[in-house]
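Under this note's numbering, the first residue of the sequence shown is numbered 1376, with each subsequent residue one higher. All residues carry an ideal CB built from backbone N, CA and C; glycine is no exception.
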Amino acid sequence: MEQRNLRKERIGVVTGDKMQKSITVAVRRRFKHPIYGKFVTVIKKYIAHDEEDACKMGDTVKIAETRPLSKRKKWRLVEIIERAK
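See the structure below:
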């Protein structure tokens, strides 16, 4: 049986759901600056494939890396962790 490489997974918040079968996910990452010691927040946006159009704005979701599905879409929706209130 062929072994797959580990796929990257990220948890983020849906910031856009107006596309068909696609969502925009903002992933927030906090780390301590190596020199100054201040905590830095970096927000990166990913375009992810949502086959059933199940996600809405504000949902917390888990996305996983996959083969390129289009020019900018290289992630897919794994699960919806928490629905928006």
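Neighbourhood of Glu1384 by C-beta, 8 Å cutoff - its chain only, sequence neighbours within 5 removed: Lys1437, Ile1438, Ala1439, Glu1440 and Val1453, listed in sequence order.
Closest Cα partner of Ile1456 within the set Ile1386, Val1400 and Leu1381: Ile1386
Report the option in Thr1435, Met1394 and Lys1396 whose CA atom is closest to the CA atom of Arg1403. If we check each option's Cα against that of Arg1403, Thr1435 comes out closest.
Got a sec? Which residues, its chain only, sit under 8 Å from Cys1430 by beta carbon, not counting five neighbours each side? Within the same chain, Cys1430 has close Cβ partners Val1389, Asp1392, Ile1398, Val1436, Leu1452 and Ile1455.
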